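Peer 1: Pasting a structure here, questions to come.
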Amino acid sequence: MKAGQAVSAVVLALSTGGMIGAVIYLMYVFPKTLQVHKDQGQELSASLKLAANVSEVCMSYGWLILPIFLLGFLASLVWPILAIMKKSAANNEVPAMS
Numbered sequence: 456m457k458a459g460q461a462v463s464a465v466v467l468a469l470s471t472g473g474m475i476g477a478v479i480y481l482m483y484v485f486p487k488t489l490q491v492h493k494d495q496g497q498e499l500s501a502s503l504k505l506a507a508n509v510s511e512v513c514m515s516y517g518w519l520i521l522p523i524f525l526l527g528f529l530a531s532l533v534w535p536i537l538a539i540m541k542k543s544a545a546n547n548e549v550p551a552m553s
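Our numbering numbers the first residue of the sequence shown as 456 and each following residue consecutively.
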């Protein structure tokens with residue numbers, strides 16, 4: 456496995472893991488935080504309104520978004536393992552004698 460492939464696999468794993476965490480946060484934690492702001496009668500800033508809209512999308516389509524990100528995360532874990540196995544299998548091949 457080349458170093459670039461290893462770095463790509465790590466970056467993919469970290470980014471998909473972060474996206475999974477963000478979707479879960481926006482689905483379950485942020486709506487409760489938003490409700491606290493509404494209960495206190497605070498006016499929402501533009502960034503909170505944008506986050507509230509994104510949270511609505513995550514609550515509506517999270518059941519579809521999370522499996523896609525989870526598959527990407529698992530693929531980023533399996534990719535280097537398969538590359539290492541392929542490389543070690545190629546190294547263990549015995550050349551044929553003529």
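Using N, Cα and C, we set each Cβ at its ideal position, and we do this for glycine too. If you're wondering where the values come from, they're calculated on a predicted model, not measured in any experiment.
Return the Cβ separation of PHE524 and VAL478 in integer angstroms, given the expectation that the two are a contact with Cβ distance under 8 Å.
Peer 2: Position 69 of the sequence shown holds residue 524. Position 23 of the sequence shown holds residue 478. Between VAL478 and PHE524 the Cβ distance is about 7 Å, and since that is below 8 Å, they are a contact.
Peer 1: Assuming the contact rule is C-beta atoms closer than 8 Å, TRP518 and ALA464 should be a hit. Round their C-beta distance to whole Å, please.
Peer 2: As a first step, residue 518 must be located in the sequence shown, where it is residue number 63. As a first step, residue 464 must be located in the sequence shown, where it is residue number 9. With a Cβ gap of about 27 Å, TRP518 and ALA464 do not count as contacting.
Peer 1: Among the candidates LEU467, ALA461, ALA468, VAL512, whose CA atom is the shortest distance from the CA of PHE485?
Peer 2: The count along the sequence shown starts at 1 and reaches residue 485 at position 30. The candidate whose alpha carbon is nearest that of PHE485 is VAL512.
Peer 1: Quick one: which unbroken alpha helix (DSSP H) runs of 4-plus residues sit fully inside the region 464–528? Chain order, please.
Peer 2: Counting whole runs of 4 or more residues, the region 464–528 contains the alpha helix (DSSP H) stretches 485–494.
Peer 1: Run through DSSP, which three-state label would LYS542 get?
Peer 2: The sequence position of residue 542 within the sequence shown is 87, counting from 1. DSSP places LYS542 in helix when its eight states are reduced to three.
Peer 1: Answer yes or no: do ALA461 and SER531 have a C-beta to C-beta separation smaller than 8 Å?
Peer 2: As a working mapping, residue 461 is identified with position 6 in the sequence shown. As a working mapping, residue 531 is identified with position 76 in the sequence shown. Against a cut-off of 8 Å, the Cβ pair of SER531 and ALA461 comes out as no contact.
Peer 1: Please name the residue in ILE536, ALA545, ASN547, ILE520 whose C-alpha comes closest to that of LEU481.
Peer 2: Within the sequence shown, numbered from 1, the residue matching residue 481 stands at position 26. Minimum Cα distance to LEU481 is reached at ILE520.
Peer 1: Please classify SER510 as buried or exposed, where buried requires at least 16 other C-beta atoms within 10 Å of its C-beta.
Peer 2: Along the sequence shown, one-based indexing puts residue 510 at 55. Per the 10 Å Cβ criterion, buried.
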